[in-house]
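Chains as they are written, first to last, in this note's numbering: chain A, 1 to 369; chain B, 1 to 297; chain C, 1 to 345. Every residue gets a Cβ at the ideal spot worked out from N, C-alpha and C, and that includes glycine. Accompanying notes for the structure given below.
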Amino acid sequence: MTATGDDVLLQVRNVVQEFVLRDYGGAKGGVLQAVADVSFDLHVGETLGIVGETGSGKSTLARCIIQAPPPKHGEVIFQGQNLARLSRSALKAARRNMQMVFQDPFTSLDPRWSVTRLVEEPLVAYGEGSREQRRARVHELLDLVGLDPVRYGGRHTWELSGGQCQRVAVARALALEPKLILCDEPVSSLDVLVQAQVLNLFEKLREDLGLSYLFIAHDLALVKQVSDRVAVMYLGKLCEVGPVRSLYNAPLHPYTLALLNSIPSPDPTVGRRDTATVISGELPSPLDPPSGCRFRTRCPRAADLCAAEVPELRALADGHLVACHFPLTGNGTAAAAASTAAAAASTATEPTKTASASTAAASIGPAGD
Amino acid sequence: MSVPAANVLTTASTVPAAEVAGAGPGARGWLRSAEITIPGGIIVLLLFFCFIWPLVYPVPKPIGGSLLQVNLPLFAPGHIFGTDDVGNDIMSRILYGGRVSFEVAAGVQVIGLVVGGLLGMAAAYRGGWIEAVLMRILDVFIAFPSLVLVLAIADSLGPSEMHVIWALSAFSIPAFARVARAATLRLRDQPFVVAARLSGTKAWRIMFQHLVPNMAPQLLTFSLLGAGITILLEGGLDFLGYGIPPPTASWGNMIATGQQFISVYPDLVLVPSFFLLLTCICLNMMGDGLRARWGVR
Amino acid sequence: MAATADAAAPDRQLRPSPLLEISDLRVTFHTRLGTVYAVQGITFTVEPGRTLALIGESGSGKTVSAQAIMGILPRTARVDGSIKFKGDEIVGSSEHELRDYRGRCVAMVFQNPERSLNPTMRIGTQIAEAIQCHLPVDRAEAHARAVELLRMVRLPAPDRRFYEYPHQLSGGMRQRVVIAIALACGPAVLIADEATTALDVTTQAQIMDLLLDLQQETGTALLMISHDLGLAASYAEEVIVMYAGKVVEQAPTKELFAGVRMPYTQALLDAIPRIEMEPHVLLPVVGGRPPDLAVIPPGCSFAPRCPRVQQDCRETSPPLQQHEPGRWWACWHPLGKEPGRDSDR
Numbered sequence: 001m002t003a004t005g006d007d008v009l010l011q012v013r014n015v016v017q018e019f020v021l022r023d024y025g026g027a028k029g030g031v032l033q034a035v036a037d038v039s040f041d042l043h044v045g046e047t048l049g050i051v052g053e054t055g056s057g058k059s060t061l062a063r064c065i066i067q068a069p070p071p072k073h074g075e076v077i078f079q080g081q082n083l084a085r086l087s088r089s090a091l092k093a094a095r096r097n098m099q100m101v102f103q104d105p106f107t108s109l110d111p112r113w114s115v116t117r118l119v120e121e122p123l124v125a126y127g128e129g130s131r132e133q134r135r136a137r138v139h140e141l142l143d144l145v146g147l148d149p150v151r152y153g154g155r156h157t158w159e160l161s162g163g164q165c166q167r168v169a170v171a172r173a174l175a176l177e178p179k180l181i182l183c184d185e186p187v188s189s190l191d192v193l194v195q196a197q198v199l200n201l202f203e204k205l206r207e208d209l210g211l212s213y214l215f216i217a218h219d220l221a222l223v224k225q226v227s228d229r230v231a232v233m234y235l236g237k238l239c240e241v242g243p244v245r246s247l248y249n250a251p252l253h254p255y256t257l258a259l260l261n262s263i264p265s266p267d268p269t270v271g272r273r274d275t276a277t278v279i280s281g282e283l284p285s286p287l288d289p290p291s292g293c294r295f296r297t298r299c300p301r302a303a304d305l306c307a308a309e310v311p312e313l314r315a316l317a318d319g320h321l322v323a324c325h326f327p328l329t330g331n332g333t334a335a336a337a338a339s340t341a342a343a344a345a346s347t348a349t350e351p352t353k354t355a356s357a358s359t360a361a362a363s364i365g366p367a368g369d
Numbered sequence: 001m002s003v004p005a006a007n008v009l010t011t012a013s014t015v016p017a018a019e020v021a022g023a024g025p026g027a028r029g030w031l032r033s034a035e036i037t038i039p040g041g042i043i044v045l046l047l048f049f050c051f052i053w054p055l056v057y058p059v060p061k062p063i064g065g066s067l068l069q070v071n072l073p074l075f076a077p078g079h080i081f082g083t084d085d086v087g088n089d090i091m092s093r094i095l096y097g098g099r100v101s102f103e104v105a106a107g108v109q110v111i112g113l114v115v116g117g118l119l120g121m122a123a124a125y126r127g128g129w130i131e132a133v134l135m136r137i138l139d140v141f142i143a144f145p146s147l148v149l150v151l152a153i154a155d156s157l158g159p160s161e162m163h164v165i166w167a168l169s170a171f172s173i174p175a176f177a178r179v180a181r182a183a184t185l186r187l188r189d190q191p192f193v194v195a196a197r198l199s200g201t202k203a204w205r206i207m208f209q210h211l212v213p214n215m216a217p218q219l220l221t222f223s224l225l226g227a228g229i230t231i232l233l234e235g236g237l238d239f240l241g242y243g244i245p246p247p248t249a250s251w252g253n254m255i256a257t258g259q260q261f262i263s264v265y266p267d268l269v270l271v272p273s274f275f276l277l278l279t280c281i282c283l284n285m286m287g288d289g290l291r292a293r294w295g296v297r
Numbered sequence: 001m002a003a004t005a006d007a008a009a010p011d012r013q014l015r016p017s018p019l020l021e022i023s024d025l026r027v028t029f030h031t032r033l034g035t036v037y038a039v040q041g042i043t044f045t046v047e048p049g050r051t052l053a054l055i056g057e058s059g060s061g062k063t064v065s066a067q068a069i070m071g072i073l074p075r076t077a078r079v080d081g082s083i084k085f086k087g088d089e090i091v092g093s094s095e096h097e098l099r100d101y102r103g104r105c106v107a108m109v110f111q112n113p114e115r116s117l118n119p120t121m122r123i124g125t126q127i128a129e130a131i132q133c134h135l136p137v138d139r140a141e142a143h144a145r146a147v148e149l150l151r152m153v154r155l156p157a158p159d160r161r162f163y164e165y166p167h168q169l170s171g172g173m174r175q176r177v178v179i180a181i182a183l184a185c186g187p188a189v190l191i192a193d194e195a196t197t198a199l200d201v202t203t204q205a206q207i208m209d210l211l212l213d214l215q216q217e218t219g220t221a222l223l224m225i226s227h228d229l230g231l232a233a234s235y236a237e238e239v240i241v242m243y244a245g246k247v248v249e250q251a252p253t254k255e256l257f258a259g260v261r262m263p264y265t266q267a268l269l270d271a272i273p274r275i276e277m278e279p280h281v282l283l284p285v286v287g288g289r290p291p292d293l294a295v296i297p298p299g300c301s302f303a304p305r306c307p308r309v310q311q312d313c314r315e316t317s318p319p320l321q322q323h324e325p326g327r328w329w330a331c332w333h334p335l336g337k338e339p340g341r342d343s344d345r
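What follows is the structure, given as structure tokens:
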């Protein structure tokens with residue numbers, strides 16, 4: 001299912017995005033580093049899920065990729081072109097192949113425009129075809145997303161439900177036949193049953209049209225549903241990136257484990273999971289993130305090294321990367337994490353730095369695992 | 001097609017309701033709301049009488065009245081509002097004066113809307129130093145007390161209807177620019193504008209086809225409220241002698257000249273004042289009613 | 001339909017008397033756009049110390065029901081039926097009586113802590129205000145109790161936190177403050193209306209743990225309102241499922257998940273993506289949308305979307321009945337029973 005390494009559609013390299021906060025009167029209040037040095041690849045035909053909670057920077061990352069606004073540092077290379085270096089017209093041409101679906105279906109569509117006009121907008125902007133050809137294409141697109149063009153073509157957003165509006169947004173995103181669609185929490189504001197319908201729509205389109213997705217969500221279970229690979233973000237940094245099965249069955253980063261344990265399971269026999277052993281405390285202020293590893297203030301396995309040095313993203317298994325000084329070995333259960341918490345606290349040895357050379361399947365962790 | 005009733009209950013629900021413009025099912029029902037139709041009807045009636053009635057009915061001339069018929073009281077035969085101190089029929093002066101008031105109000109609002117609205121929207125959309133410079137220039141105008149500013153301009157230009165319109169525009173252009181700027185700032189970062197940019201739509205198209213329709217309710221209600229203020233200001237200008245010079249009729253200068261006789265012939269002041277007040281109230285009520293209807297902040 | 005056992009008649013002589021008895025509650029809104037039948041006759045009870053989950057999507061009437069219980073519905077709402085708190089009727093009470101009842105007997109935690117807290121007041125003062133509203137204590141005593149409450153909701157350094165403003169706290173901490181305010185006067189019932197929906201999943205787990213621990217400490221009954229069946233499974237003892245203004249299924253949690261009867265509940269369960277599932281598998285879905293609440297259909301509200309619909313479903317609305325001890329459902333052709341035969345009445 002995972003594409004081979006040669007067809008890299010999108011390369012994100014060391015992207016940094018900062019926001020300057022202004023106090024009253026415009027004085028510089030502080031710098032918020034929403035995205036701090038993120039790098040990853042996305043292959044053709046692949047769906048990469050990006051998971052994170054509040055303050056993780058996932059939505060900001062999406063905006064960086066589409067250059068709205070462009071990142072402060074770093075590069076976004078799409079189909080071999082560095083987007084930041086393109087002229088306005090070249091960027092417009094490149095954007096044909098990269099479209100976005102937003103979280104709130106009602107505010108991502110102009111309430112004054114009819115459905116037909118909304119879906120037609122990209123075609124008009126790029127001057128595609130004659131009026132009739134465009135209309136025909138709009139009909140085709142609406143059919144594709146499951147909306148009857150005759151019934152819904154003339155409607156406006158206030159006459160549609162959330163799910164229907166989101167379908168219109170998807171139809172619009174598909175108009176120019178893009179290669180990549182960025183989905184920024186596209187189903188978060190929808191009801192459960194409608195959410196499932198829209199997710200199925202994404203899947204169907206992926207199969208029929210061979211799309212690649214960058215799927216951003218805060219719900220791990222949802223992301224697993226649609227992704228080939230998943231990346232976990234925390235406070236602007238990537239914690240872990242890996243193929244879906246390997247990440248969910250054997251998470252390497254303590255934060256991933258905490259996320260997995262926090263999901264309430266619709267199976268009452270599982271009962272309340274004790275989350276106190278995997279995560280504690282509150283999210284630190286993004287204005288002043290912890291030194292070294294940003295997760296260390298909440299991690300049960302944190303040691304002195306974690307405060308001193310920023311962990312780099314290293315490959316521990318095939319395609320599975322983690323940024324942690326003391327990653328979990330791969331039987332990432334709550335019990336294992338709890339037992340290693342005691343061991344890690346007393347251990348003074350660090351994993352050797354030579355591990356930064358990407359290895360095959362060697363799992364590295366503190367002694368005592 | 002009826003509105004899904006679930007939209008009514010979106011107080012704490014997980015699906016947020018459209019907030020962008022006041023666009024919604026209520027927008028189309030505005031014709032049926034009493035608080036808009038009654039004042040609106042009165043304004044339409046006034047417009048009819050001021051502009052169309054004198055063309056079809058032989059209304060006495062507003063100027064050049066006979067000195068034999070000076071200061072007739074209300075309901076005198078042939079002069080329903082009486083005559084003024086030089087014998088002019090007051091009712092026809094009301095009608096012709098009303099023309100002036102409405103023309104000035106419309107002119108000032110249109111100029112403000114077009115020039116100020118465009119400036120504010122373009123500046124806010126572009127951002128950066130253009131916006132900063134423009135806003136500071138407009139702030140200078142806004143900082144002056146409106147009447148003083150307008151007086152200064154009217155004085156330097158000289159009394160005439162067009163000059164009054166220019167002078168009052170100095171007041172309305174910055175006001176509209178501010179409103180348009182605030183609305184654009186609010187709309188500019190909305191997802192649908194970002195989506196339009198991503199779809200490749202050019203900036204001018206975004207401004208005129210996305211931003212303007214969504215700002216329109218707000219600007220429209222603002223212009224209605226502004227029209228009322230403009231009429232009052234124009235009256236004030238006339239009263240102070242800087243506006244339309246007599247003998248041309250205008251509600252303001254009728255009040256000004258009638259003021260001398262207020263103890264003896266009060267209706268010289270009361271009649272134009274009443275019409276001024278009525279127009280202002282109706283415009284305000286329409287503006288408020290539309291604002292409530294359209295959910296404009 | 002033969003005379004059925006009224007679901008409201010409690011056959012719970014062995015259990016302590018219920019705190020809240022909601023009986024055939026109906027809420028209708030008369031708006032400019034027409035009449036909306038938000039709640040169309042629901043019946044259930046809340047017993048002391050129990051955790052009850054009220055599950056439904058938007059438009060199901062769950063929030064409106066909670067607002068009716070709290071007595072905070074707007075004036076356009078018409079409430080019929082009965083809500084009894086310890087035998088006292090709430091429906092039709094005066095505002096004066098309701099003010100006494102709210103906060104002291106029943107308290108509510110809302111979804112958005114940003115909107116529930118006054119941004120210009122210190123959080124300690126807001127808690128103390130709630131205390132002084134109902135209890136005859138002086139300021140010093142209220143201060144001490146507020147600090148104690150902050151400690152109870154596990155806010156570190158509670159005596160310092162007393163003086164902080166809401167914007168200085170994170171979302172999870174603010175929600176803890178809101179819980180502290182709700183518990184300030186020791187209510188018998190705490191209603192959590194999507195209290196964790198706006199929070200991160202890790203914070204959600206912490207807050208739910210807190211709520212349940214507090215519940216055990218104070219003996220408060222907890223009524224959780226949510227759209228998340230997973231939350232109900234993990235934290236509730238009993239689950240009530242609502243659809244289109246009516247209760248469609250009610251059962252103790254374990255039994256419900258062991259054998260769902262109502263096709264809507266099954267659809268909800270099926271639609272939740274699960275960690276255990278394989279990626280790229282299409283979720284089983286039901287098409288369509290929730291019905292327009294401006295009309296009460298003759299048959300079952302779920303009939304247009306139900307995969308098991310039969311003719312009688314469209315004609316007559318199935319009543320909510322206790323088909324098995326402790327389990328209620330409203331369906332002519334429930335799951336787990338043979339299709340085509342009515343379940344026992």
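Give the straight-line distance between the Cα atoms of residue 109 of chain C and residue 307 of chain C, rounded to the nearest whole angstrom.
36 angstroms
Between residue 286 of chain B and residue 122 of chain B, what straight-line distance do the alpha-carbon atoms span, to the nearest angstrom?
28 angstroms
Any C-beta of chain B sitting closer than 9 angstroms to the C-beta of residue 65 of chain A?
no
Excluding the 5 residues flanking residue 148 of chain A on each side, which residues of the same chain have their C-beta closer than 8 angstroms to its C-beta?
142
When the Cα atoms are used, what is the spatial distance from residue 86 of chain A to residue 238 of chain A?
27 angstroms
CB contact flag (residue 294 of chain A, residue 236 of chain A, <9 angstroms):
yes
Any C-beta of chain B within less than 7 angstroms: which residues of the segment 103-116 of chain A qualify?
104, 106, 107, 108, 109, 110, 111 and 112
Where does residue 342 of chain A fall in DSSP's three states?
Low confidence applies to residue 342 of chain A: its pLDDT is 42, below 50, so where it sits in the model is not reliable, and the reading given next is rough at best. Residue 342 of chain A falls in the helix class under three-state DSSP.
Distance, Cα to Cα, residue 43 of chain B vs residue 140 of chain B?
34 angstroms
Keeping to the same chain, check which residues put their C-beta closer than 7 angstroms to that of residue 158 of chain A; ignore five residues upstream and five downstream.
111
Who are the Cβ neighbours of residue 417 of chain C in its own chain at under 8 angstroms, not counting the five residues just before and after it?
The structure shown does not extend to residue 417 of chain C, since chain C spans only 1 to 345, so no value can be given for it.
Pairs of beta-carbons, one from the segment 161-178 of chain B and one from the segment 190-202 of chain B, closer than 8 angstroms: are there three or more?
no
Could you give the uninterrupted runs of the alpha helix (DSSP H) lying entirely in the segment 154-216 of chain A, keeping only those of 4 residues or more?
162-174 and 192-209
I need the DSSP call for residue 119 of chain A, collapsed to helix, strand or coil.
helix
Taking the alpha carbon of residue 85 of chain B as the reference point, which residue from B:281, B:35, B:280 and B:264 has its own alpha carbon closest?
B:264
Using the three-state DSSP reduction, which class does residue 233 of chain A fall into: helix, strand or coil?
strand
So, helix, strand or coil for residue 249 of chain A, using DSSP?
helix
List the residues of chain B that residue 126 of chain A touches, going by C-beta distances under 9 angstroms, in chain order.
199 and 200
Exposed or buried, residue 258 of chain C, counting other C-beta atoms within 10 Å across all chains shown (16 or more means buried)?
exposed
Could you please give me the residues that DSSP links to residue 82 of chain C through a beta bridge?
C:23
Go through its chain and collect everything with a Cβ distance to residue 315 of chain B's Cβ below 6 angstroms, but skip five positions before and after it.
There is simply no residue 315 of chain B to check, as chain B begins at 1 and stops at 297 in what is shown.
For residue 153 of chain B, report the span of its alpha helix (DSSP H) as first-last.
146-157
What does DSSP give as the partner residues of residue 240 of chain C in its beta bridges?
Among the bridge pairs identified by DSSP, residue 240 of chain C is matched with C:54 and C:250.
What would DSSP say about residue 163 of chain B, mapped onto helix, strand or coil?
helix
Applying the 10 Å Cβ sphere with the 16-neighbour rule, what's the burial state of residue 168 of chain C?
Of the residues assessed, residue 168 of chain C falls on the exposed side of the cut-off, its CB having fewer than 16 other CB atoms within 10 angstroms.
Measuring only between beta-carbons, confirm whether residue 57 of chain C sits less than 9 angstroms from chain A.
yes
Could you tell me whether the Cβ of residue 163 of chain A comes closer than 9 angstroms to any Cβ of chain C?
Yes, residue 163 of chain A counts as interfacial toward chain C.
For residue 126 of chain C and residue 181 of chain C, believed in contact at Cβ under 8 angstroms, the rounded distance:
Cβ-Cβ separation between residue 181 of chain C and residue 126 of chain C: approximately 6 angstroms, consistent with a contact (criterion under 8 angstroms).
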